[in-house]
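Read the structure below first, then the notes.
Residue numbers (the working numbering): 176 to 777.
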């Protein structure tokens, strides 16, 4: 049967964001906030990715998240989630995170953040569409064709100046002819201790998980359904257990509802999303555990099959929990565990999409590596990135990889999102806006969590908007120090931190100046050795020189040059005050390029 060619609807935007997850939302929000016309095209009908359709609304974050190290918009997202629960700090009471909640709260918060831009006409949101093909003209991507996944589905062709790939698996990269990599680059490529031995292993993609939400209602216990096909094999191979190998090379033993024999909190409250004692009704918990971690097939190479099998694995793990799991009282099985589709937001209680821990990634000559994120002796931060577009912090956490069952772990120091890592080598107007930044498999495992993906998306959206505003390709903009300073000023003015300075929050009038100069390399001495920079303390002669040199860099002066020092004062100026004065000089020097954004949070 010959199907007629579907009608094609054309849309035009300054910035096109393809994807539905936290990176996509942050990119669209950032670009629209900068005054650009944005179209966000999502495959699922719900926005939020990890926090909604992938059923991981227990936020993986760093220990400083309540006071710093995230942008104003990410903090607004967290605040809006808590507002849905009348300000309750942790509605789920899960101990894996400071903020565990139901997926509906995340979707409501994200829609609320985007609503003003939708109302203004700057942002249009399309759902139910996935990228199918692209058009290129030389080095530029001109349009992306999107449709639903059935024959004869209407086609939307989206034209834009800059495109942000915020899909979960980097789906635009192969369509656009962009060099990309997946799996492990191998230890020989960059000398990373956590990379797999030898050369590249492109199929060794990290495991995915189809999580599910269950309630515990013993009074409603019912006879379990028959075990899924392959149950016995998975039970032994995974294995199904409440014990798990810890990062400290010891086995951690858990119990379901009681404290474990090693003092560990209960398995049930690990990712609990709803605390019935605080909210009324039954508890509800997300099950995302080593037992239902799926690594038989690559979720990048075989997405549909991997999802189907990962879901069957989760069904098998649930069967084990209901029938064979050793009870706290010595029996076996918890038949009162029942799927909670109303909380999951799906017909059966299983995640709509698999939680992907890995994406296709931009292939560039200088990706972010394990060594770039590791602690530096005597320093509180990882290696400084002068082209920073945001912050993140999470350990390098590699789950089992296809063909390689062992997990791997290494700590990190607080690190940044380098803007250069978001720019594709070709086409020159394509940006990574999620887990697909130019980082090795090892380094990308530290960026993949909620706030990391948000930081990447927010930086990409701002870079895309600035590219449109300045009529410069993103890569050229990042390489031009003066243009980069204009972009970083806008980011900081929007409450995006560029360097780890916990005691200078976005509401501080010194925030923009401190962020710009710290990212340009001004932190020395004790200010480099701790995350608090104490802006009120005096700057000695060496610190003043470092600030002046950093200001010269921001102005595009040759490295090592210095903006002329102010006249000698009776006493050393406060470090933060000098920073503000120097950034005012930078603004004056850059003013011929156009208006320089001033701090909105001052």
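C-beta atoms are modelled at their ideal positions from N, C-alpha and C, and glycine is treated no differently.
Backbone CA spacing between residue i and residue j [nearest angstrom]
i	j	result
residue 672	residue 245	7 Å
residue 774	residue 752	A caution first: residue 774 carries a pLDDT of 38, below 50, which makes its placement in the model too unreliable to give a value.
residue 584	residue 550	14 Å
residue 196	residue 226	8 Å
residue 589	residue 568	5 Å
residue 178	residue 305	Interpretation of residue 178 is limited by its pLDDT of 49, a score under 50 that renders its predicted location unreliable; the figure taken from the coordinates is listed afterwards. Taking the straight line joining both Cα atoms gives about 20 Å.
residue 460	residue 228	15 Å
residue 357	residue 379	8 Å
residue 606	residue 437	46 Å
residue 576	residue 326	34 Å
residue 218	residue 239	33 Å
residue 434	residue 441	5 Å
residue 514	residue 319	38 Å
residue 703	residue 621	22 Å
residue 709	residue 566	19 Å
residue 786	residue 639	With the chain covering 176 to 777 only, the question about residue 786 has no answer from this structure.
residue 308	residue 206	24 Å
residue 777	residue 208	Only weak support exists for where residue 777 lies, its pLDDT of 28 falling under 50; the value from the coordinates is given anyway. Between residue 777 and residue 208, the C-alpha separation is close to 17 Å.
residue 212	residue 624	28 Å
residue 616	residue 354	15 Å
residue 368	residue 359	12 Å
residue 264	residue 362	42 Å
residue 680	residue 706	12 Å
Cβ pair residue i, residue j closer than 9 Å
i	j	result
residue 860	residue 688	No information on residue 860 is available, as it lies outside the stretch 176 to 777 that the chain covers here.
residue 564	residue 591	yes
residue 536	residue 452	no
residue 516	residue 398	no
residue 694	residue 542	no
residue 658	residue 666	no
residue 684	residue 755	yes
residue 210	residue 644	yes
residue 603	residue 670	no
residue 248	residue 344	no
residue 282	residue 222	yes
residue 727	residue 698	no
residue 600	residue 539	yes
residue 214	residue 299	yes
residue 403	residue 328	no
residue 256	residue 284	yes
residue 125	residue 376	Residue 125 is absent from the structure shown; the chain starts at 176 and stops at 777.
residue 381	residue 467	no
residue 571	residue 634	no
Anticipated Cβ contact below 8 Å, residue i with residue j, distance rounded
i	j	result
residue 384	residue 485	6 Å
residue 351	residue 608	Not quite, the Cβ-Cβ distance comes to about 14 Å (not below 8 Å), so this is no contact.
residue 262	residue 387	Actually they do not touch by this definition, with Cβ atoms about 29 Å apart.
residue 559	residue 696	6 Å
residue 430	residue 417	7 Å
residue 289	residue 200	7 Å
residue 718	residue 700	6 Å
residue 502	residue 275	The pair is not a contact, with the Cβ atoms about 24 Å apart (cut-off 8 Å).
residue 691	residue 729	6 Å
residue 268	residue 450	4 Å
First through last residue of the beta strand (DSSP E) which encompasses residue i
i	result
residue 306	305-312
residue 591	590-593
residue 188	183-193
Which of helix, strand or coil DSSP assigns to residue i
i	result
residue 427	strand
residue 381	strand
residue 246	coil
residue 686	helix
residue 410	helix
residue 662	helix
residue 391	strand
residue 432	coil
residue 528	coil
residue 231	coil
residue 253	helix
residue 213	strand
residue 376	strand
residue 220	coil
residue 475	coil
residue 709	coil
Where the alpha helix (DSSP H) containing residue i begins and where it ends
i	result
residue 509	Taken as a continuous stretch (DSSP letters only), residue 509 belongs to no alpha helix (DSSP H), as it is neither H nor E.
residue 752	750-765
residue 315	Run containing residue 315: none in the alpha helix (DSSP H); it sits in the beta strand (DSSP E), 315-322.
residue 202	197-208
Residue i Cβ short of 8 Å to the ligand NAD heavy atom set
i	result
residue 354	Here there are no bound small molecules, and the ligand NAD is not part of this structure.
Residue i at chain B interface by Cβ criterion, 9 Å
i	result
residue 314	You won't find chain B in this structure, because it holds only one protein chain.
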